[in-house]
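J.: In my numbering, the protein residues as written are 1079 to 1294.
The beta carbon of each residue, even a glycine, is placed where N, CA and C say it ideally should be.
Got a structure for you, questions after.
Structure below.
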C-alpha cells in the first residue's frame, strides 16, 4: 500500500493486487462498505496522520476511487477546508480534477449501469494467436457473452460468467483459458478500466466470432 501526498489537501493511495489479497479484499469491496473496508480506511488515515500529519478527528473528507490497471485501484482522499464545507461536493471534485489532471469517471454510476457484471472472467494473452486458440477450444463449451480488448500490448478476453450454459462448464472454461493466458482480478472495475483505457477489438460475441472465423 503506497500513500503519496498530492497537495496540502489531498492524498493518493495506490492498492495493488497483492495489497488486496493480503487484506482479503476485492475491488468491489471498496465500493460497498463493509467491516474490512472500514478497517482499511482506518489504517489509511492512521498512516496518513503518522507520515503527513494530514488530518485530525474533526477533519471533513471526500473519498473517491478509480481503477489503476486491471488489477489495482487508486483512492483519492481530499481534505475539505472550512471555506469549502458549504460548496457542492461535485464542484469540489471538478476543481480537483482540473488542478491535478487525473482522469476519472463516477465508479458508482458505472456500477449502477453494470449490475449484470457481477460474475466475470478476465484473462490476458500475449498474442492474438493465443486468443484465437483459446476461442477455438472454448467454442464447444461456452456460448455466453464475451468481449476482446487490447491494452499495454496484451489482449484481454472478458467473459460474463452469469451467461454460462451450465455450471459444470465453469472449470473446463478456466482450464482452457489458463492454458493460453493469465487470469486477472475479474471485476466490473477491471472491465471499466479496459473500457476506459483499452482498445475495444470485438465488442460482443468475441469467442464465437474468433472461433467461426478461424475454424478449419
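#1: Specify the secondary structure class of residue 1151 as computed by DSSP and reduced to three states.
#2: Would you mind sorting residue 1201 into buried or exposed? The rule is 16 or more other CB atoms within 10 Å of its CB.
#3: I'd like to know whether the C-beta atoms of residue 1147 and residue 1208 end up nearer to each other than 8 Å.
#4: Mapping the DSSP letters down to three states, classify residue 1158 as helix, strand or coil.
#5: Which value, in whole angstroms, describes the spacing of the CA atoms of residue 1103 and residue 1094?
#6: Report yes if the CB atom of residue 1263 is closer than 8 Å to the CB atom of residue 1219, and no otherwise.
#7: What is the DSSP secondary structure of residue 1103, counted as helix, strand or coil?
#8: So if DSSP puts residue 1142 in a beta bridge, which residue, or which two residues, is it bridged to?
#9: For residue 1221, name the three-state secondary structure that DSSP assigns.
#10: In three-state DSSP terms, what is residue 1200?
#11: What is the DSSP secondary structure of residue 1281, counted as helix, strand or coil?
#12: Write down the C-beta distance between residue 1149 and residue 1268 rounded to the nearest angstrom, noting that I regard them as a contact closer than 8 Å.
#13: Use the C-beta contact count for residue 1087: other C-beta atoms within 10 angstroms, 16 or more gives buried, fewer gives exposed.
#14: Which residue's Cα is closest to the Cα of residue 1090: 1125, 1118, 1226 and 1154?
#15: Figure out for me which residue from 1266, 1228, 1151 and 1235 has the closest Cα to the Cα of residue 1097.
#16: Just the Cα atoms here: how many angstroms apart are residue 1172 and residue 1274?
#17: Tell me whether residue 1223 is buried or exposed, calling it buried when 16 or more other Cβ atoms sit within 10 Å of its Cβ.
#18: Would you mind giving the Cβ-Cβ distance between residue 1226 and residue 1284, rounded to the nearest angstrom? I have them listed as a contact below 8 Å.
#19: Per DSSP, residue 1085 is paired with what?
T.: Put simply:
#1: As a first step, residue 1151 is located in the chain shown; it is residue number 73 there, counting from the start. Three-state result, residue 1151: strand.
#2: Mapped onto the chain shown, residue 1201 falls at position 123. Classification of residue 1201: buried, given that the 10 Å Cβ count is 16 or more.
#3: Counting from 1 along the chain shown, the entry for residue 1147 is found at position 69. Counting from 1 along the chain shown, the entry for residue 1208 is found at position 130. No, these two residues do not count as a Cβ contact at 8 Å.
#4: Residue 1158 sits at position 80 when you count from the first residue of the chain shown. Residue state, collapsed to three classes: coil.
#5: Taking the first residue of the chain shown as position 1, residue 1103 is located at position 25. Taking the first residue of the chain shown as position 1, residue 1094 is located at position 16. Approximately 11 Å between the Cα atoms of the pair.
#6: The sequence position of residue 1263 within the chain shown is 185, counting from 1. The sequence position of residue 1219 within the chain shown is 141, counting from 1. Contact flag unset, no.
#7: Looking up residue 1103 in the chain shown gives position 25. Coil, per DSSP.
#8: In the chain shown, counting from the first residue as 1, residue 1142 sits at position 64. Bridge partners of residue 1142: 1154.
#9: Working through the chain shown from its first residue, we reach residue 1221 at position 143. Three-state result, residue 1221: coil.
#10: Taking the first residue of the chain shown as 1, we reach residue 1200 at position 122. In this structure, residue 1200 counts as strand in the three-state DSSP scheme.
#11: Here residue 1281 refers to the residue found at position 203 when the chain shown is read from its first residue. Three-state DSSP puts residue 1281 in coil, outside helix and strand.
#12: For this step, residue 1149 is matched to residue 71 along the chain shown. For this step, residue 1268 is matched to residue 190 along the chain shown. Correct: roughly 7 Å between the Cβ atoms.
#13: The residue given as residue 1087 occupies position 9 in the chain shown. Buried: at least 16 other Cβ atoms inside 10 Å.
#14: Residue 1090 sits at position 12 when you count from the first residue of the chain shown. Nearest C-alpha to residue 1090: 1154.
#15: Here residue 1097 corresponds to residue number 19 of the chain shown, with the count starting at 1. The residue with the shortest Cα to Cα distance from residue 1097 is 1151.
#16: On the chain shown, residue 1172 is found 94 positions in, with the first residue counted as 1. On the chain shown, residue 1274 is found 196 positions in, with the first residue counted as 1. Reliability of the predicted coordinates at residue 1172 is poor, the pLDDT of 46 falling under 50, and no value is obtained from them.
#17: Reading the chain shown from its first residue, position 145 is the one you call residue 1223. So residue 1223 counts as buried.
#18: Numbered from 1 along the chain shown, position 148 holds the residue referred to as residue 1226. Numbered from 1 along the chain shown, position 206 holds the residue referred to as residue 1284. Between residue 1284 and residue 1226 the Cβ distance is about 4 Å, and since that is below 8 Å, they are a contact.
#19: Sequence index remark: in the chain shown, residue 1085 carries index 7 (1-based). Answer by DSSP bridge pairing, in chain order: 1088.
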